[in-house]
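Residue numbers (our numbering): 34 to 371. Note sheet for the following structure.
Here is the structure:
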């Protein structure tokens, strides 16, 4: 460690990194071991935050935050058994099933989001994976939002070969498909789809030249080693995701994870910092769970390298700070929308 800086060298971290003039090559050059990331997570807090903020300033507007809005365009009735999800049909959570929204409803929501300052509009559908008729309907929605001049994002579950190309043709900019957690802990959370299913969908998305939005959830009862394992999986994707949402578990009564001991918020901040250090060019998004966080913890997350938030009063089926609160916080911190 360099005296007085708190910076860990590539050699000390256990990651082999080469340098190139090509951004794409830079993004795929670093390899991070789980042990190296666990070392990062265990640094003295000030040293970790200093390193994350130093790297953040090398690659990003230090005070800029990208605003995204997420809309559930098809809610509930999912056949999966994700232990955190209130939309799984097998759990009794009070979430009502809702058919795919109309083009008019989606355009109205996207227009409002744009007026409130959001630049990216994300559409989520509770499917294991879309059927062809679903893809055809989604392409209409994607094109309609794209026509508003917004970036488009969708999260639709497992994609079959060729479906990503159809979404790309409609104007999809980002596809979200989270890994959720480390491979070792994954079986404790989901049994209805394999980890490889998720990786295969990400490969389909990359093959269609769509930007990847991929992150995970912390606070599900996993160990620090498992959190390091998640960050390692993300950082070692080739290339790593352009957008990395880090979610703090929102516990919903009726799901298997309801009642899980809550993760220390400062451990969440450490996870944000590790994501920033290992994926320096990515947008690191402070995602679900912000309603549970104090303004001070959110401020620490921005200091640790988060530079994107979901903006609006709802995330799929769970609450989110409203737009006025978000703008007041950004103003208080001297941050500005990108």
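Glycine included, every Cβ here is placed at the ideal spot set by N, Cα and C.
Report task. Output yes or no for whether 7 Å exceeds the beta carbon distance between residue 225 and residue 113. Result -> Counting from one through the chain shown, the residue named residue 225 turns up at place 192. Counting from one through the chain shown, the residue named residue 113 turns up at place 80. Yes. Within cutoff.
Requested in this report: Entirely within the region 147-179 and at least 4 residues each: give me those alpha helix (DSSP H) ranges in chain order.
Outcome: Runs found: 165-179.
**Report entry** One or two residues paired with residue 131 in a DSSP bridge
**Finding:** Counted from its first residue, the chain shown places residue 131 at position 98. Residue 131 is bridged to 108.
Query raised in the report: So the alpha helix (DSSP H) residue 340 belongs to, where does it begin and stop?
Result: Taking the chain shown and counting its residues from 1, one reaches residue 340 at position 307. Taken as a continuous stretch (DSSP letters only), residue 340 belongs to no alpha helix (DSSP H), as it is neither H nor E.
Query raised in the report: Tell me which same chain residues have a C-beta within less than 7 Å of the C-beta of residue 204, skipping the five on either side of it?
Result: In the chain shown, residue 204 corresponds to position 171, counting from 1. For residue 204, where only same-chain residues beyond five positions count, the Cβ hits under 7 Å are 175, 176, 179 and 185.
Query raised in the report: Would residue 311 be called buried (16 or more neighbouring beta carbons within 10 Å of its own) or exposed?
Result: Sequence index remark: in the chain shown, residue 311 carries index 278 (1-based). For residue 311, the number of other beta carbons within 10 angstroms of its own is at least 16, and it is reported as buried.
Requested in this report: Assuming residue 192 contacts residue 150 (C-beta within less than 8 Å), just tell me the rounded distance between them.
Outcome: For this step, residue 192 is matched to residue 159 along the chain shown. For this step, residue 150 is matched to residue 117 along the chain shown. Actually they do not touch by this definition, with Cβ atoms about 30 Å apart.
Query raised in the report: From which residue to which residue does the beta strand (DSSP E) around residue 187 run?
Result: As a first step, residue 187 is located in the chain shown; it is residue number 154 there, counting from the start. Run containing residue 187: 184-188, per the beta strand (DSSP E) assignment.
**Report entry** Those residues which DSSP pairs with residue 318 across a bridge
**Finding:** Locating residue 318 in the chain shown gives position 285, counting from the first residue. DSSP, once it has assigned bridges, lists 278 and 341 as partnering residue 318.
Query - Beta-carbon proximity check, residue 154 vs residue 141, cutoff 7 Å - result: The residue you call residue 154 lines up with position 121 of the chain shown. The residue you call residue 141 lines up with position 108 of the chain shown. No, the Cβ-Cβ distance between residue 154 and residue 141 is not below 7 Å.
Query raised in the report: Once you ignore the five residues that flank residue 183 on each side, which residues in its own chain have a CB closer than 8 Å to its CB?
Result: In the chain shown, residue 183 corresponds to position 150, counting from 1. The beta carbon of residue 183 is closer than 8 Å to those of 143, 146, 147, 151, 152, 153 and 154 in its chain, skipping five residues each way along the sequence.
Query raised in the report: Is it true that the region 157-173 meets the region 90-99, where meeting means three or more beta-carbon pairs spaced less than 8 Å apart?
Result: Contact fails between the region 157-173 and the region 90-99, because fewer than three Cβ pairs, one in each stretch, are under 8 Å apart.
Report task. Can you tell me which of 241, 261, 237 and 194 puts its alpha carbon nearest to the alpha carbon of residue 248? Result -> Translated into positions along the chain shown, residue 248 becomes position 215. When 241, 261, 237 and 194 are compared, the shortest CA-CA separation from residue 248 is found for 261.
Query raised in the report: Is residue 270 helix, strand or coil when you go by DSSP?
Result: Along the chain shown, one-based indexing puts residue 270 at 237. Coil.
**Report entry** Host beta strand (DSSP E) of residue 92 (start-end)
**Finding:** As a first step, residue 92 must be located in the chain shown, where it is residue number 59. The continuous stretches of beta strand (DSSP E) do not include residue 92, which lies in the alpha helix (DSSP H) extending over residues 78-92.
Query raised in the report: Rounded to whole angstroms, how far is the Cβ of residue 338 from the Cβ of residue 85, which I believe are closer than 8 Å?
Result: By 1-based counting over the chain shown, the position of residue 338 is 305. By 1-based counting over the chain shown, the position of residue 85 is 52. Correct: roughly 5 Å between the Cβ atoms.
Query raised in the report: Closest by CA to residue 320, which one among 199, 302 and 314?
Result: The residue you call residue 320 lines up with position 287 of the chain shown. The residue from 199, 302 and 314 with its alpha-carbon nearest to that of residue 320 is 302.
Query - Which listed residue (159, 117, 187 and 200) has its alpha carbon closest to that of residue 288 - result: Sequence index remark: in the chain shown, residue 288 carries index 255 (1-based). The closest CA to that of residue 288, considering only 159, 117, 187 and 200, is found on 117.
Query - Segment contact, 8 Å Cβ cut-off, at least three pairs: the region 272-283 with the region 227-234 - result: The count of Cβ pairs closer than 8 Å, one atom from the region 272-283 and one from the region 227-234, stays below three, leaving the stretches out of contact.
Report task. Identify whether residue 284 lies in helix, strand or coil by the three-state DSSP scheme. Result -> As a first step, residue 284 must be located in the chain shown, where it is residue number 251. In the three-state DSSP reduction, residue 284 falls in the coil class, being neither helix nor strand.
Query raised in the report: How far does the alpha helix (DSSP H) with residue 240 in it reach, from first residue to last?
Result: Residue mapping note: residue 240 aligns to position 207 of the chain shown, counting from 1. Unbroken alpha helix (DSSP H) run through residue 240: 228-240.
Report task. Measuring alpha carbon to alpha carbon, tell me which of 364, 341, 359 and 357 ends up nearest residue 94. Result -> In the chain shown, the residue the question calls residue 94 occupies position 61. Measuring from the Cα of residue 94, the nearest candidate turns out to be 341.
Query raised in the report: So what's residue 365 in DSSP terms, helix, strand or just coil?
Result: For the purposes of this step, residue 365 is taken as the residue at position 332 of the chain shown. Secondary structure of residue 365 (DSSP, three-state): helix.
Report task. Please name the residue in 284, 304 and 305 whose C-alpha comes closest to that of residue 295. Result -> Here residue 295 is taken as the residue at index 262 of the chain shown, counted from 1. Minimum Cα distance to residue 295 is reached at 284.
Query raised in the report: Given a threshold of 16 other Cβ atoms within 10 Å of its Cβ, counted over all protein chains shown, does residue 335 qualify as buried or as exposed?
Result: Here residue 335 corresponds to residue number 302 of the chain shown, with the count starting at 1. Counting every other CB atom within 10 Å of its CB across the protein chains shown gives residue 335 a total of 16 or more, marking it as buried.
Requested in this report: Quick one: using the 10 Å Cβ neighbour count with 16 as the cut-off for buried, is residue 79 buried or exposed?
Outcome: Sequence index remark: in the chain shown, residue 79 carries index 46 (1-based). Residue burial annotation: residue 79 is exposed, with fewer than 16 other C-beta atoms found within 10 angstroms of its C-beta.
Query raised in the report: Mind checking residue 211: buried by the 16 CB within 10 Å criterion, or exposed?
Result: Numbered from 1 along the chain shown, position 178 holds the residue referred to as residue 211. It is buried - the Cβ of residue 211 has at least 16 other Cβ atoms within 10 Å.
Requested in this report: Alpha carbon to alpha carbon, how far is residue 368 from residue 135? Give it in angstroms, no decimals.
Outcome: Working through the chain shown from its first residue, we reach residue 135 at position 102. Working through the chain shown from its first residue, we reach residue 368 at position 335. When rounded, the distance between both Cα atoms is 35 Å.
Query - Outcome for residue 365 when other beta-carbon atoms lying within 10 angstroms are tallied against a minimum of 16 - result: For the purposes of this step, residue 365 is taken as the residue at position 332 of the chain shown. Exposed, by the Cβ-count rule.
**Report entry** Local Cβ density within 10 Å of residue 213, reported as buried at 16 or more and exposed below that
**Finding:** What you label residue 213 is simply residue 180 of the chain shown in a count that begins at 1. The residue in question, residue 213, is buried, as its Cβ has 16 or more Cβ neighbours within 10 Å.
Requested in this report: Could you tell me the boundaries of the alpha helix (DSSP H) in which residue 219 lies?
Outcome: Locating residue 219 in the chain shown gives position 186, where the first residue counts as 1. It spans 216-219 - the alpha helix (DSSP H) in which residue 219 sits, taken as one unbroken run.
Query - Pairwise C-alpha distance: residue 82 and residue 167 - result: Here residue 167 is taken as the residue at index 134 of the chain shown, counted from 1. Here residue 82 is taken as the residue at index 49 of the chain shown, counted from 1. Their Cα atoms are separated by approximately 43 Å.
Query raised in the report: If you check the beta carbons only, do residue 201 and residue 158 fall under 7 Å apart?
Result: In the chain shown, the residue the question calls residue 201 occupies position 168. In the chain shown, the residue the question calls residue 158 occupies position 125. Taking 7 Å as the Cβ cut-off, residue 201 and residue 158 do not qualify as a contacting pair.
Query raised in the report: Hey, quick one: how far does the alpha helix (DSSP H) through residue 305 stretch, first residue to last?
Result: Numbered from its first residue, the chain shown carries residue 305 at position 272. Following the DSSP letters along the chain, one finds residue 305 inside the alpha helix (DSSP H) bounded by residues 298-311.
Report task. Kindly indicate which residue of 215, 370 and 221 has the alpha-carbon position closest to the one of residue 257. Result -> To locate residue 257, count along the chain shown from 1; it is residue 224. Checking every option, the nearest Cα to that of residue 257 belongs to 215.
Query raised in the report: Within this structure, are the beta carbons of residue 181 and residue 343 separated by less than 7 Å?
Result: Within the chain shown, numbered from 1, the residue matching residue 181 stands at position 148. Within the chain shown, numbered from 1, the residue matching residue 343 stands at position 310. Cβ atoms of residue 181 and residue 343: not closer than 7 Å.
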